[in-house]
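Undergrad: Per the numbering used here, the sequence shown runs over residues 101 to 380. Cβ atoms here follow ideal geometry from the backbone N, Cα and C, with glycine treated the same way.
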Amino acid sequence: MGQSNGPFRERALCLFLWDYILTFPQEVHYFWSSRWSLIKCLFFLNRYLTLVLLAFTVFFDLYPTPDTETYFEVFSALVCAFLVEVIMQIRLHAMYGHDKKLIFVISLLCIGELMTQVPNTSWTLPFCNNVIPNHFYPYWIAFMIFDTVVLLLVIRKAYHHYHVLPEQYWSNTGLMAILARDSVLYFSCNVVVFLGTTLLWRFGPQGLATVANSWSLVVPSTSAGRLLLNMRSSYRPESDHISTAGLSGLGSLHIVDCASKDPAEGGENYFDSNITTSDG
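Below is the structure:
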């Protein structure tokens, strides 16, 4: 099965490298010169750790070692999923102004999502069976449910954001528009991959059941990287619009509505939406 999946893993790695080459100039421009923060650490971990993990999966196809390969695939899936979900939680935490109840519920959902992968490891929980059953296909549904919840929360916040503002100021809410747009695109890409993987596990032959595993690492990882790049391109890190807040490292999305003031010189409006620092 490992040899039959090899070409698919190589194609997944090529897709990741292609996206890396396309976005490398943006990475240099928006991240290399910025000060270190949780956002910056997550970006580099998501980008380069995923690249290393994918490279090793291809290596194991060329020089197969079944036991090591199994452990490594499990480790790769858990690490990449954790990084991506942390990035999504940070965005939600920022958009909802450090709502502790919301982030607590989302964190519980994230933990539950990651725990669905534990039965696929050799280090099982006492109440988990280490055998992959024929009905394993719902495994990927947990990812789609979590992404759906995140998307609905983002859309709810974006709707409220535009609903409370006068229509003439909508064009100046760039960051909120980017967050909403990227969330929809992120959700769409991930659902295609996870739904395809689910259908392969449910209806496909056993030899093709794990074909989409590498794609389920590449697509969420590249999508999350694009989310952070687009946020940085909207507001430069030098102005601390995307930064850390105390020990948590989470910014907060504040709406500064100065619509009643006169426009600044050069026709610039005082309205702004940004992620600011709230240290302490």
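Look at the alpha carbon of L350 and the alpha carbon of T248, and state the distance between them as a whole number of angstroms.
TA: Because L350 sits at a pLDDT of 35, beneath the cut-off of 50, its placement in the model cannot be relied upon, and the following sentence gives the value as read from the coordinates. In a straight line, the C-alpha of L350 is about 22 angstroms away from that of T248.
Undergrad: Excluding five sequence neighbours on each side, which residues of the same chain lie with their C-beta closer than 6 angstroms to the C-beta of F294?
TA: W240, F243 and M244
Undergrad: Apart from the five residues just before and just after L115, which ones in its own chain have a Cβ nearer than 7 angstroms to its Cβ?
TA: V318
Undergrad: For L251, which residues of its own chain have a beta-carbon under 6 angstroms away from its beta-carbon, when the five flanking residues on both sides are left out?
TA: S283 and F287
Undergrad: By the 10 Å Cβ neighbour count, where 16 or more other Cβ atoms means buried, how is H261 classified, buried or exposed?
TA: That one is buried.
Undergrad: Given a cut-off of 8 angstroms, decide if I187 and L300 are closer than it, judged by their beta-carbon atoms.
TA: Judged by beta-carbon spacing, I187 lies beyond the 8 angstroms limit of L300, meaning their Cβ atoms are not closer than that value.
Undergrad: For a test of the three-state rule: what should DSSP assign to W315, helix, strand or coil?
TA: Of the three classes helix, strand and coil, the one that applies to W315 here is helix, per DSSP.
Undergrad: Assuming F182 and L151 are in contact, meaning their beta carbons sit under 8 angstroms apart, how far apart are those beta carbons, in whole angstroms?
TA: Incorrect: roughly 16 angstroms between the Cβ atoms, too far for contact.
Undergrad: If the criterion is Cβ atoms closer than 8 angstroms, does the pair T157 and S314 meet it?
TA: A contact, by the Cβ cut-off of 8 angstroms.
Undergrad: Could you name each continuous alpha helix (DSSP H) segment of 4 residues or more that falls completely within the stretch 110-162, going from the start of the chain to the end?
TA: List check, alpha helix (DSSP H) in window: 138-144 and 150-162.
Undergrad: Taking a contact to mean a Cβ-Cβ separation below 8 angstroms, would you say G325 touches F143 in this structure?
TA: The criterion of a C-beta distance shorter than 8 angstroms is satisfied by G325 and F143.
Undergrad: Look at Y196 and K257 and say whether their C-beta atoms are less than 8 angstroms apart.
TA: yes
Undergrad: Taking T154 as the reference, give the member of I203, R281, I278 and P107 with the closest Cα.
TA: Going by the sequence as given, residue 154 is Leu instead of Thr. Nearest of I203, R281, I278 and P107 to L154, Cα basis: P107.
Undergrad: Would you tell me roughly how many angstroms separate the C-alpha atoms of L149 and D199, rounded to the nearest one?
TA: The straight-line gap from Cα to Cα measures roughly 30 angstroms.
Undergrad: Pull up the distance between the alpha-carbon of I203 and that of V254, whole angstroms please.
TA: Distance from the CA atom of I203 to the CA atom of V254, rounded to whole angstroms, is 13 angstroms.
Undergrad: Quick one: complete alpha helix (DSSP H) runs, 4+ long, within the stretch 238-264?
TA: 241-263
Undergrad: Suppose contacts are defined by Cβ-Cβ distances below 8 angstroms. Is L209 in contact with F246 by that definition?
TA: yes
Undergrad: Measure from the alpha carbon of V179 to the alpha carbon of each residue in N330, I206 and S316, then state which is nearest.
TA: S316
Undergrad: Is it true that the CB of I206 sits closer than 8 angstroms to the CB of Q189?
TA: yes
Undergrad: How is D282 classed by DSSP in three states: helix, strand or coil?
TA: Helix, per DSSP.
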